[in-house]
Amino acid sequence: MKASVYSPETGSPPRIGTVSKCDFCPDMVRKGELPSCVTSCPNGVYYYGDRNEDAVTNGTETVRFSELLESRAAYRFMEELGTEPSVYYLPAVDRAFEYQVGFEGLSDEEIALYKKEARITE
Ligand code: SF4
Numbered sequence: 037m038k039a040s041v042y043s044p045e046t047g048s049p050p051r052i053g054t055v056s057k058c059d060f061c062p063d064m065v066r067k068g069e070l071p072s073c074v075t076s077c078p079n080g081v082y083y084y085g086d087r088n089e090d091a092v093t094n095g096t097e098t099v100r101f102s103e104l105l106e107s108r109a110a111y112r113f114m115e116e117l118g119t120e121p122s123v124y125y126l127p128a129v130d131r132a133f134e135y136q137v138g139f140e141g142l143s144d145e146e147i148a149l150y151k152k153e154a155r156i157t158e
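Heads up: the sequence shown at position 45 corresponds to 81 in the numbering used here, and the numbers run straight through without jumps.
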């Protein structure tokens with residue numbers, strides 16, 4: 037039996053009991069393809085691109101990265117740690133339901149933390 041070779045780029049095969057994180061799919065980029073998260077999302081909410089080229093795409097539209105950050109009030113989690121995260125989050129727009137529905141069963145502390153991270157103001 038031949039042992040499979042672990043690839044740090046694809047995280048494959050996954051190891052049980054470990055966590056993984058987004059590596060921005062270098063294997064897909066080398067093939068000139070967008071990551072699966074971008075191509076498989078039916079709502080086009082994932083944008084992928086190059087900060088140095090100031091361009092990102094969700095597979096349907098290509099926009100300036102800097103303008104997207106500015107116009108959609110993008111933010112990063114835990115920036116205060118100084119790790120320069122490369123993933124930005126865009127606050128939700130045109131919600132199909134009230135966000136409070138998701139707070140059921142959470143403590144006031146958890147709700148406050150969520151609102152702080154998501155920059156929800158009332
Ligand atoms: S770019 Fe998308 S598909 Fe690739 S590792 Fe990150 S989240 Fe997963």
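Each residue gets a CB set at the ideal place from its N, CA and C atoms; glycine is no exception. Nothing here was measured: the structure is a model prediction, and the numbers come from that model.
With H, G and I counted as helix, E and B as strand and the rest as coil, what does DSSP make of residue i?
i, result
"residue 111", "strand"
"residue 100", "strand"
"residue 150", "helix"
"residue 80", "coil"
"residue 93", "strand"
"residue 59", "coil"
"residue 86", "strand"
"residue 54", "coil"
"residue 72", "helix"
"residue 145", "helix"
"residue 131", "coil"
"residue 138", "helix"
"residue 116", "helix"
Can you tell me the Cβ-Cβ gap for residue i and residue j, rounded? I've got them flagged as a contact below 8 Å.
i, j, result
"residue 148", "residue 125", "Residue 148 to residue 125, Cβ: 18 Å. No contact."
Using a Cβ-Cβ cutoff of less than 8 Å, which residues in the same chain neighbour residue i once the five nearest sequence positions on both sides are dropped?
i, result
"residue 94", "74, 77, 80, 81, 82, 83 and 84"
"residue 108", "126, 127 and 129"
"residue 96", "80"
"residue 91", "85, 98, 99, 100 and 101"
"residue 112", "121, 123, 124 and 125"
With a threshold of 6 Å on Cβ separation, who are the neighbours of residue i within its own chain once the five nearest residues in sequence on each side are excluded?
i, result
"residue 64", "71"
Tell me the DSSP bridge mates of residue i?
i, result
"residue 125", "111"
Only counting the same chain, and skipping five residues up and downstream in sequence, which positions put a Cβ closer than 7 Å to that of residue i?
i, result
"residue 150", "none"
"residue 139", "147"
Tell me whether residue i counts as near ligand 3, meaning its Cβ is closer than 6 Å to at least one heavy atom of that ligand.
i, result
"residue 63", "With respect to small molecules bound, the structure shown includes ligand 1 and not ligand 3."
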